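Residue numbers (the numbering used here): 56 to 306. No residue lacks a Cβ here, since even glycine has one placed at the ideal position from N, Cα and C. Model, not experiment: these values are computed from the prediction.
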Ligand code: PGA
């Protein structure tokens with residue numbers, strides 16, 4: 056199996072003001088610097104207004120910065136949107152795209168997500184493309200088919216293991232305290248790995264993250280599952296101790 060370095064990504068969602076974000080990011084950056092060699096990469100994805108101050112605060116540390124969305128265009132008449140060029144300007148290396156909350160709250164389609172990912176790639180950003188089924192879809196036995204359709208539609212031409220990360224986040228596990236069982240996660244991640252063939256040049260090297268109620272007490276078990284190459288963490292990424300514990304659960 057290809058050696059894939061784990062990625063522990065914190066999705067702060069719409070949480071935190073400047074002082075909170077600076078304190079959290081600086082704390083994590085300090086721990087990473089102090090820890091020396093660790094078997095994971097760590098990423099924080101604050102809300103847009105915090106990207107510049109947080110980016111400035113962590114720029115000399117191994118802690119990476121990402122955003123939670125971007126527009127598919129570089130600039131122009133798109134009120135309220137933020138372009139990938141602006142994200143790079145703020146110090147971002149990553150951008151989360153197609154999170155289920157964006158798909159649900161903003162009606163984002165697979166085609167829009169693919170266009171955003173292509174735009175992100177063009178600016179040198181790594182796109183974290185999110186997929187995952189709802190509870191009703193899983194109960195109806197459609198989980199694999201739903202995820203296959205999302206992957207087929209959301210991964211743009213030119214995607215590589217260097218510029219693309221996939222995050223599997225079952226919608227019913229996000230913010231609910233319910234996590235998929237390790238067996239379900241193993242099966243879905245194997246399915247995703249197989250589906251990447253033909254869509255990404257080097258499918259074995261692509262990192263596939265699990266997300267959905269990852270906490271310090273379930274992280275070690277989830278991170279040990281085959282084809283789980285890290286975590287996309289919401290609630291538990293807002294507390295430095297919890298997020299750090301998730302990182303250090305990686306072996
Ligand atoms: P959660 O969120 O860890 O709070 O479940 C995960 C996510 O939506 O990225």
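heavy atom of the ligand PGA below 8 Å from residue i C-beta
{"i": "residue 190", "result": "no"}
{"i": "residue 231", "result": "yes"}
{"i": "residue 163", "result": "no"}
{"i": "residue 276", "result": "no"}
{"i": "residue 220", "result": "no"}
{"i": "residue 290", "result": "yes"}
{"i": "residue 61", "result": "no"}
{"i": "residue 228", "result": "yes"}
{"i": "residue 273", "result": "no"}
{"i": "residue 302", "result": "no"}
{"i": "residue 285", "result": "no"}
{"i": "residue 209", "result": "no"}
{"i": "residue 266", "result": "yes"}
{"i": "residue 186", "result": "no"}
{"i": "residue 99", "result": "no"}
{"i": "residue 202", "result": "no"}
{"i": "residue 310", "result": "Because the chain spans 56 through 306 in this model, residue 310 falls outside it and cannot be assessed."}
{"i": "residue 133", "result": "no"}
{"i": "residue 155", "result": "yes"}
Three-state class that DSSP yields for residue i in the structure shown
{"i": "residue 56", "result": "Only weak support is given to the placement of residue 56: the predicted model assigns it a pLDDT of 49, under 50, and the value that follows is read from those uncertain coordinates. Reduced to three states, the DSSP call for residue 56 is coil."}
{"i": "residue 63", "result": "strand"}
{"i": "residue 150", "result": "strand"}
{"i": "residue 191", "result": "helix"}
{"i": "residue 229", "result": "coil"}
{"i": "residue 127", "result": "coil"}
{"i": "residue 264", "result": "strand"}
{"i": "residue 274", "result": "helix"}
{"i": "residue 287", "result": "strand"}
Buried versus exposed call for residue i [16 or more other C-beta atoms within 10 Å across all chains shown]
{"i": "residue 60", "result": "exposed"}
{"i": "residue 161", "result": "exposed"}
{"i": "residue 56", "result": "Since pLDDT at residue 56 reaches only 49, below the 50 mark, its modelled position is unreliable, and the value read off the structure follows with that caveat. Exposed, since its Cβ has fewer than 16 Cβ neighbours within 10 Å."}
{"i": "residue 306", "result": "exposed"}
{"i": "residue 130", "result": "exposed"}
{"i": "residue 297", "result": "buried"}
{"i": "residue 207", "result": "exposed"}
{"i": "residue 69", "result": "exposed"}
{"i": "residue 231", "result": "exposed"}
{"i": "residue 235", "result": "buried"}
{"i": "residue 304", "result": "buried"}
{"i": "residue 66", "result": "buried"}
{"i": "residue 284", "result": "buried"}
{"i": "residue 164", "result": "exposed"}
{"i": "residue 219", "result": "buried"}
{"i": "residue 74", "result": "exposed"}
{"i": "residue 88", "result": "exposed"}
{"i": "residue 135", "result": "exposed"}
{"i": "residue 96", "result": "buried"}
{"i": "residue 287", "result": "buried"}
Neighbour flag for residue i against chain C, beta carbons, 9 Å
{"i": "residue 58", "result": "The structure shown has no chain C; it contains just one protein chain."}
Check: residue i C-beta below 8 Å from any heavy atom of the ligand SAM
{"i": "residue 68", "result": "Among the ligands in the structure shown, the ligand SAM does not appear; only the ligand PGA can be found there."}
Within the region 196–260, note down every full beta strand (DSSP E) run reaching 3 residues or more, in order along the chain. 219–223
Which full runs of the alpha helix (DSSP H) of 4+ residues lie inside the region 85–122, going along the chain? 106–113
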